[in-house]
Amino acid sequence: MVAIYLQKGAAGLQQDENMSLRYFRKAADEGNAQAQTYIADKLAPFGIAPDIARQMRRCAAEQGNSDAAVALGFDLKTDKKYQEALEAFQRGVASGSETAASFLGKIFRNPKPDDRMYYMDQKEDLQRAERYKQISKILNRLSYANPSVPEINEIVPLPPAKLPAWDGKLKWVEEREANVPPPKPSEALIEQLAKAMVLDPKTGKPLPGSPVYSKED
1 MVAIYLQKGA
11 AGLQQDENMS
21 LRYFRKAADE
31 GNAQAQTYIA
41 DKLAPFGIAP
51 DIARQMRRCA
61 AEQGNSDAAV
71 ALGFDLKTDK
81 KYQEALEAFQ
91 RGVASGSETA
101 ASFLGKIFRN
111 PKPDDRMYYM
121 DQKEDLQRAE
131 RYKQISKILN
141 RLSYANPSVP
151 EINEIVPLPP
161 AKLPAWDGKL
171 KWVEEREANV
181 PPPKPSEALI
191 EQLAKAMVLD
201 PKTGKPLPGS
211 PVYSKED
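Pasting the structure below:
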């Protein structure tokens, strides 16, 4: 993105913060989620354009930007729009935010009304809190791989929906593990197997003495 190159002075372009902001804003207006998240942070402070910032964060969150979803959640929470904030954090979890999952895990542990960080007028629900905690740990462990939880509403639907049964697994993790190739056998094991089958351990071809050996090999 040209905006990033201008911001960092990369790809042969001279660093220019003002021009970078213009490109970011253009990309944001065109619907780029990353640009919307960046510009929203610039517009969010009171006295600048917080309403526009909220709109941009909402749009970016709907496109799967977890940072925007979390920022939107805290923004709405500050205004005591708790239900909308819950939905924003839930969307953040769906997009793979460990922060959103961890936060939701705490608000269902009955924080007091004077707890400005976690109080969101929710009834204590320790089972719900524990599920979010489990998901948070998984997302944290695999954060380097950009995980996601698109099925979050099937695992921990927002209140007043009851919790369905859950086996503790996430689809993204299951699919990832299914596609991971098995570990390469050790050299010692290769030598052992090759010897047992009378094969060349380097090429796998049959050696003299092997029942499938042929001089043509």
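Residue numbers for the sequence shown follow UniProt numbering, so the first one is 1 and each next one is one higher.
We put the beta carbon where it would ideally sit given N, CA and C, even for glycine.
Since this is a predicted model, take the numbers as computed values, not measurements.
Open item on the list: Does phenylalanine 46 pass the burial test, meaning 16 or more other C-beta atoms within 10 Å, or should it be called exposed?
Closed with: Here residue 46 refers to the residue found at position 46 of the sequence shown. So phenylalanine 46 ends up on the exposed side.
TODO: Grab the span of the alpha helix (DSSP H) containing lysine 162 for me, first residue to last.
DONE: The residue labelled residue 162 in the question sits at position 162 within the sequence shown. From DSSP, lysine 162 is part of no alpha helix (DSSP H); its letter is neither H nor E.
- [ ] For lysine 144, count neighbouring C-beta atoms within 10 Å of its own C-beta (all shown protein chains included) and say buried if the count is 16 or more, exposed if not.
- [x] Start at 1 with the first residue of the sequence shown, and residue 144 comes out as number 144. According to the sequence displayed, residue 144 carries tyrosine and not lysine. Under this definition tyrosine 144 is an exposed residue.
- [ ] Quick one: grab the DSSP three-state call for proline 147.
- [x] Against the sequence shown, residue 147 aligns to sequence position 147. It is coil, neither helix nor strand.
- [ ] Would you give the residue range spanned by the alpha helix (DSSP H) that alanine 49 belongs to?
- [x] Within the sequence shown, residue 49 is the residue found at index 49, counting from 1. First-last for alanine 49: undefined, no H or E at that position.
Open item on the list: Pull the bridge partners of aspartate 199 from the DSSP assignment, please.
Closed with: Along the sequence shown, read from residue 1 onward, the residue named residue 199 stands at position 199. Here the sequence assigns leucine to residue 199, which means aspartate is not the residue at that position. Partner(s): Pro206.
Task: Close beta carbons around arginine 109, own chain, < 6 Å, minus the five adjacent residues each side - done: Position 109 of the sequence shown, counting from 1, holds the residue named residue 109. So the list reads Ala129, once near-sequence residues are dropped.
TODO: Can you grab the Cα-Cα spacing for the pair threonine 78 / aspartate 167, in whole Å?
DONE: Along the sequence shown, one-based indexing puts residue 78 at 78. Along the sequence shown, one-based indexing puts residue 167 at 167. Their Cα atoms are separated by approximately 35 Å.
Open item on the list: Less than 7 Å between the C-beta atoms of phenylalanine 89 and alanine 100, yes or no?
Closed with: On the sequence shown, residue 89 is found 89 positions in, with the first residue counted as 1. On the sequence shown, residue 100 is found 100 positions in, with the first residue counted as 1. Yes, they are a contact pair.
Task: Span of the alpha helix (DSSP H), counted from its first residue to its last, around phenylalanine 89 - done: Within the sequence shown, numbered from 1, the residue matching residue 89 stands at position 89. Start and end: 82-94.
Task: Cβ neighbours of leucine 76 in the same chain (closer than 7 Å, five flanking residues each side left out) - done: On the sequence shown, position 76 is the one that residue 76 refers to. The answer, listed in chain order, is Glu84, Ala85, Ala88.
- [ ] Tell me where the alpha helix (DSSP H) around asparagine 65 begins and ends.
- [x] Translated into positions along the sequence shown, residue 65 becomes position 65. Run containing asparagine 65: none; DSSP gives neither H nor E here.
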